[in-house]
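Below you'll find the structure, written out as C-alpha cells, and then a few comments.
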Amino acid sequence: MRKFLNIINTVKWLGFIGILGNILNIPILQLFNLFFLLFFVDILVKPKFYLQSFMQLIGIPIIHIKNKFNMPSLNNYTLKSNYVLPFKGEWTVINGGVYKELSHSWSMGSQRYAYDFLMMDEEGKTYRGDFNKAESYYCYGKDIIAPEDGTIVYIYDKCKDSKIYGNGKIDSFVKDIRGNTIVTKHNDQEYSLVAHIMPNSIQVKKGQSVKKGDTIAKCGNSGNSTEPHIHFQIMNGKNFFTSAGLPIAFENIMIEEKDYYNQLDHRPIPTINNDTDSNGLEGNKKYIRRGQNVKNNAYS
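Be aware that the sequence shown starts at 64, since it is given in my numbering, and climbs by one per residue.
Following this line, the structure appears as C-alpha cells:
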C-alpha cells in the first residue's frame, strides 16, 4: 500500500503538464490535467498530515496577532526560567539559531527559535551500519531530560518511528508531524516542547511535576523526521501551532565548532557578528547555533 501511495505522490505532479497544454492549447497535453485528481487521493489517505500542515500556515498570522505584531526577540524578551540542554553529554546542533539567517524556521513563529540536535562522529556521520534502521544512529534511544523544573501539560504518544530514506526525504505517512511529543509548563509564559520521541519511551504523565535533569523520554524518529534527533523549543503557550517561539540561552553549557560538520550539512554558515554573543546574559548562559558541538556540563 505504501509503495502504491508513493507512486501516486510522485505522478500527481504530472498534472502541471496539463497546465502547459492549456496555455498552448494542445489537447493531448491537456489530458495530463487528470493527474491533479490524484491530489485528492493523497488528501483522503493522509488527512491529518494535510490538516496539520494547514494549521501551521494558519498559525503564522494567528501568532503575530496574539503577540500584537511584536514577536518575541533578543531585544524584547529574556527567559524567566533557567534552562539546560534537554539531553546529557555532547551533541551537535543541526538546525537553529537566534538570528534569522540561522533560524530553524523563521517564518513559522512557533519554531523561530527551535533547535534540532543529533550526535555526529569525527567523520561527520550520524550512524554506523544500515542507515535505514533507526537503531543505527548514535543518538537513537538516548535520554531526553527536563530542561527545567515544571509540570507536564501535554503528551502525544501514538506514533511509530518514521521510515528513513537517507536522502533527506520525509515520511509523509505519519499520524502527527511532531511525532511523539511532550510539552512542559515552566512558568506562565514559558513552555518547552520536545518532539520526534522514540515510541513507548515516554516516562512521565500529564499533570506530573518534573525536576531539571529528570529523564522524561528517549530520542527517536517519529513524525516529520529524516533521521533520529531531538527537536526542542520554548514557546509562550502550550499550543504548538499558535504559540510564539522564544529565544533560548542555555546555562551550564560548553560550546565548540564541530569538526567535519560540513560533511553532513552542506549549507554555508553565514558570518554574523556575535552570532552567539552572550554579553548581557546573567550567569553562564549562552546562545547556540547550527554547526556547533554543545555539551551539557550539568548532566553528563
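Built from N, CA and C at the ideal position, the CB exists for glycine as well.
As the structure is a computational prediction, the values presented were derived from the model and not from experiment.
(request) Just mark ILE128 as buried or exposed, buried being the case when its beta carbon has 16 or more other beta carbons within 10 Å. (result) Walking along the sequence shown from the start, residue 128 turns up at place 65. It counts as exposed.
(request) Tell me whether ILE279 sits in a helix, a strand or coil according to DSSP, three-state version. (result) As a first step, residue 279 must be located in the sequence shown, where it is residue number 216. Residue state, collapsed to three classes: strand.
(request) In the DSSP assignment, find the alpha helix (DSSP H) that holds ASN85 and state where it starts and stops. (result) Within the sequence shown, the letter at position 22 stands for residue 85. Element bounds for ASN85: 78 to 87.
(message) Suppose you measure from the CA of SER255 to the CA of ASN243; what does that come to, to the nearest Å?
(response) Start at 1 with the first residue of the sequence shown, and residue 255 comes out as number 192. Start at 1 with the first residue of the sequence shown, and residue 243 comes out as number 180. Using only the alpha carbons, I get a separation of about 14 Å.
(request) Give the single residue among ASN284, TYR362, GLY276 whose Cα lies nearest to the Cα of ASP179. (result) What you label residue 179 is simply residue 116 of the sequence shown in a count that begins at 1. Minimum Cα distance to ASP179 is reached at ASN284.
(message) I'd like to know whether the C-beta atoms of PRO262 and TYR200 end up nearer to each other than 9 Å.
(response) On the sequence shown, position 199 is the one that residue 262 refers to. On the sequence shown, position 137 is the one that residue 200 refers to. No, Cβ-Cβ distance for PRO262 and TYR200 is not below 9 Å.
(message) What does the alpha-carbon distance come out to for the pair ILE123 and ILE245?
(response) Locating residue 123 in the sequence shown gives position 60, counting from the first residue. Locating residue 245 in the sequence shown gives position 182, counting from the first residue. In a straight line, the C-alpha of ILE123 is about 22 Å away from that of ILE245.
(message) Rounded to whole angstroms, what is the Cα-Cα separation between LEU309 and ILE70?
(response) The count along the sequence shown starts at 1 and reaches residue 309 at position 246. The count along the sequence shown starts at 1 and reaches residue 70 at position 7. When rounded, the distance between both Cα atoms is 40 Å.
(message) Using a 10 Å radius around the Cβ and a threshold of 16 neighbouring Cβ atoms, would you call ASN287 buried or exposed?
(response) Position 224 of the sequence shown, counted from the start, is the residue given in the question as residue 287. ASN287 should be labelled buried.
(request) Buried or exposed for PHE364, please, with buried defined as at least 16 other CB atoms from any protein chain shown within 10 angstroms of its CB. (result) Limits of the chain in this structure are 64 at one end and 363 at the other, which puts residue 364 out of reach.
(message) I need the DSSP call for LYS143, collapsed to helix, strand or coil.
(response) Along the sequence shown, one-based indexing puts residue 143 at 80. Coil at LYS143, not helix or strand.
(message) Can you tell me whether ASN347 is buried or exposed? The criterion is at least 16 other CB atoms within 10 Å of its CB, across all chains shown.
(response) Here the question's residue 347 lines up with position 284 in the sequence shown. Result: exposed.
(request) Using the DSSP secondary-structure output, state which residues sit across from ALA258 in a beta bridge. (result) As a first step, residue 258 must be located in the sequence shown, where it is residue number 195. Bridge partners of ALA258: HIS294.
(request) Rounded to whole angstroms, what's the CA-CA distance from TYR362 to TYR113? Just pull it up for me. (result) Here residue 362 refers to the residue found at position 299 when the sequence shown is read from its first residue. Here residue 113 refers to the residue found at position 50 when the sequence shown is read from its first residue. Straight-line Cα distance between these residues: approximately 39 Å.
(request) Determine the DSSP secondary structure at LEU366, reduced to helix, strand or coil. (result) Any property of residue 366 remains undetermined from this structure, which presents the chain solely from 64 to 363.
(request) Within its chain, find whatever has a CB closer than 7 Å to the CB of ASP234; leave out the 5 residues flanking it on each side and keep chain order. (result) As a working mapping, residue 234 is identified with position 171 in the sequence shown. Hits under 7 Å: SER225, LYS226.
(message) Less than 7 Å between C-beta atoms, sequence neighbours within five positions excluded: which residues of the same chain meet that for MET5?
(response) In the structure as shown, the chain begins at 64 and stops at 363. Residue 5 is therefore absent and cannot be evaluated.
(request) Would you decide whether ILE316 is buried or exposed? Buried here means 16 or more other CB atoms lie within 10 Å of its CB. (result) Position 253 of the sequence shown, counted from the start, is the residue given in the question as residue 316. The residue in question, ILE316, is buried, as its Cβ has 16 or more Cβ neighbours within 10 Å.
(message) Taking the alpha-carbon of GLU186 as reference, which of ASN325, LYS349, ARG352 has the nearest alpha-carbon?
(response) One-based indexing of the sequence shown puts residue 186 at position 123. Checking every option, the nearest Cα to that of GLU186 belongs to ASN325.
(request) In the DSSP assignment, find the beta strand (DSSP E) that holds ILE208 and state where it starts and stops. (result) Position 145 of the sequence shown, counting from 1, holds the residue named residue 208. That run of the beta strand (DSSP E) goes 206 to 208.
(message) Let me make sure I understand the geometry here. Which of LYS248, PHE313, LEU77 has the alpha-carbon closest to that of ASN302?
(response) On the sequence shown, position 239 is the one that residue 302 refers to. That would be LYS248, whose Cα lies nearest to the Cα of ASN302.
(request) Determine the direct distance from the alpha carbon of GLU198 to that of SER168, and round the result to whole angstroms. (result) Position 105 of the sequence shown holds residue 168. Position 135 of the sequence shown holds residue 198. Cα-Cα distance, rounded: 28 Å.
(message) Quick check on the DSSP output: the beta strand (DSSP E) that includes PHE180 runs from which residue to which?
(response) Position 117 of the sequence shown, counting from 1, holds the residue named residue 180. Residues 178 to 181.
(request) Output the distance between the C-alpha atoms of PHE99 and GLN93, rounded to the nearest integer angstrom. (result) Translated into positions along the sequence shown, residue 99 becomes position 36. Translated into positions along the sequence shown, residue 93 becomes position 30. Near 11 Å, if we compare the C-alpha coordinates of GLN93 and PHE99.
(request) Drop a sphere of 10 angstroms on the beta-carbon of LEU101, count the other beta-carbons inside from all chains shown, and report buried for 16 or more, exposed for fewer. (result) Taking the sequence shown and counting its residues from 1, one reaches residue 101 at position 38. Buried, by the Cβ-count rule.
(message) Just to confirm the assignment, what range does the beta strand (DSSP E) spanning ILE218 have?
(response) As a working mapping, residue 218 is identified with position 155 in the sequence shown. Segment 213 to 219, the beta strand (DSSP E) holding ILE218.
(message) Nearest by alpha-carbon distance to ASN138: which of ILE126, VAL161, GLU314, ILE240 is it?
(response) Mapped onto the sequence shown, residue 138 falls at position 75. Comparing Cα-Cα distances from ASN138 to each of ILE126, VAL161, GLU314, ILE240, the minimum goes to VAL161.
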